[in-house]
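A quick write-up on the structure given underneath.
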Amino acid sequence: VTLPSRCLIRSAALFQPSPPPPQAMGNCGSKKAEKTVVEPEEPKPSAVPEEPVEEEPVATEKPSPEAEAEPAPTEEEAEAPEAEVSTVAELPTEEEKNIFAKVGDFVKNAFSAREEEAPKEEKVEVSRLTKIPVKEGAVPDMVAATEKDEFKTLVKTFVGFVGVKMYAVGDGHVVTHSRWEDEAAAEGGKAALGGVLKTFMAELVAGPPEEALVGPEMWAVDGPAASEPPVAVRLTKIGFKGEEAREAALVLLRSKEGAFKELGGLVGVSSYQTGPTEAFVVASYTSREALEAAAPVAKEVLGDAMEHFSGVPAQETGTVEYIWPAKEPSWIEKVSAYLSPTKKAPPPPAEEEEAGEAEAEPEAEAAEAAEEEGAEAAEEEAEAEEEEAAGSPP
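The opening residue of the sequence shown carries number 10 in my numbering; numbering runs sequentially from there.
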């Protein structure tokens, strides 16, 4: 039986996987069906049914990190020539230069600020010179008061206190010269002196102290007797015509340092700036005689600087009555004083012992020799007496 071609197409379509539902065609041999069906222009399928292709399952495993990191190059990438790497650095733009400059300034300022904060400020020692009226004969009692344990305990409570000297000057006055670590500590010096006078010397003072002269040391020179304790002082109060005149006078003083260093018995000279146009000078000597011998040199120096002074300097001389803390000379100072041809000082203790032993040795040897001679003489006398006794008649 030969079927029409349209029926063959329909029967072949039944074997296709998941075909779309065909429209009702009615009877394949009906003429009515032939008129209503429109065939698509498709190639004629084979009469043999095709096997469905199974899709491979998609891998769900995560690839290894090595595979993700560097994928294998393709053949085209492998055959392509390597690009040349430029070794020439690109110049920064103007905007980048400005940014770099700002960053550099910021870092520099940050480190410089740290360097400035690191070192501590150096403290400048400040002196207070106070003139106090005292009763007649009160100076020895004032010195005795400083030896009390209560006085020493009170002094230890003074913040920033370095030391003090007391000079007996003029008629019925003393000058206290206290030294402090800095200006802030020196401000407490007034209360400290008031406490000492009230507690230990109230019956010895004749009135309130004068206004203190306060300031740092602005010039100093050591004399040939710098290692010896001071005994006599010359105190000079100077006023200058102005700050420029003060500086000019300082230049003159520095030019005279050689003359000061040759003054016999000079311990040292110190000048303190007690105001913008004021100064107080303390010259210390080993004796009153040395102080008087240096008077012509001091007068000459002041005469050369007189043009810078606002008036005649006020001078006083006196004696050093008290020093705290007392300076003990070091062993090298003792040896230097002993070896110096211009200074007379006892030898150090060790050398004194050696000298004593050296002197004792000749004396001991002489004594031994005398004893031996005496013993020999006694033996000779005894032998002579025996001989006389043996030779005499009965």
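Note that CB positions come from ideal geometry on N, CA and C, so glycine has one too.
Going along the chain, which residues of its own chain have a beta-carbon closer than 7 Å to the beta-carbon of residue i, five neighbours each way excluded?
i: P285; result: E252
i: E190; result: K132, E134, G169, V171
i: A154; result: F160, F209, M210
i: T283; result: L222, V223, G224, F289
i: P334; result: G172
i: L300; result: A241, R243, Y294, T326
i: D150; result: L213
Do the CB positions of residue i and residue j come within less than 8 Å of each other?
i: K270; j: V242; result: no
i: V171; j: H186; result: no
i: A288; j: S280; result: yes
i: V164; j: E330; result: no
i: G181; j: A215; result: yes
i: P239; j: Y294; result: yes
i: E226; j: E131; result: no
i: V291; j: E237; result: no
i: F209; j: F318; result: no
i: E256; j: K140; result: no
i: L261; j: W228; result: no
i: V143; j: L206; result: no
i: A302; j: G273; result: yes
Quick one: what's residue i bridged to in DSSP?
i: H182; result: P142, V178
i: A292; result: R243, V278
i: R188; result: S136, G172
i: P225; result: V135
i: G287; result: It is worth fixing the name first, because residue 287 is Glu in this sequence and not Gly. DSSP output for E287 lists G248, G284 as bridge partner(s).
i: T328; result: A177, A241
i: F318; result: F249
i: D231; result: G277
i: V205; result: Its beta-bridge partners do not exist; DSSP assigns none.
i: V214; result: V143
i: A323; result: K246
Using C-beta distances below 8 Å, list every residue in its chain close to residue i, excluding the 5 sequence neighbours before and after it, in chain order.
i: V57; result: Caution applies to V57, whose pLDDT of 49 falls short of 50 and renders its modelled position unreliable; the value that the coordinates give is listed next. Cβ neighbours of V57 beyond the five flanking positions: none.
i: A268; result: V306, V310
i: A33; result: For A33, the pLDDT reaches just 47, beneath the cut-off of 50, and the residue's location in the model is therefore unreliable, leaving the point undetermined.
i: V168; result: A194, G197
i: G204; result: L163
i: V112; result: none
i: K157; result: F209
i: E145; result: G181
For residue i, which residues from the same chain have a beta carbon less than 6 Å from its beta carbon, with the 5 sequence-adjacent residues on both sides left out?
i: V178; result: V184, E325, G327
i: R137; result: S187, A195, G198, A221, V223
i: P217; result: none
i: T166; result: none
i: E316; result: none
i: E103; result: none
i: A332; result: The residue asked about is misnamed: residue 332 is Ile in this sequence, not Ala. Within the same chain, I332 has close Cβ partners K174.
i: A254; result: H317
i: V148; result: A177, E330
Contact check, residue i vs residue j under 8 Å by CB: the rounded distance?
i: A201; j: A258; result: With 8 Å as the limit, A201 and A258 do not qualify as a contact, their Cβ atoms being about 32 Å apart.
i: P322; j: K246; result: 6 Å
With hydrogens ignored, establish whether the beta-carbon of residue i is closer than 7 Å to any heavy atom of the ligand SAH.
i: E253; result: This structure simply doesn't include the ligand SAH, nor any ligand for that matter.
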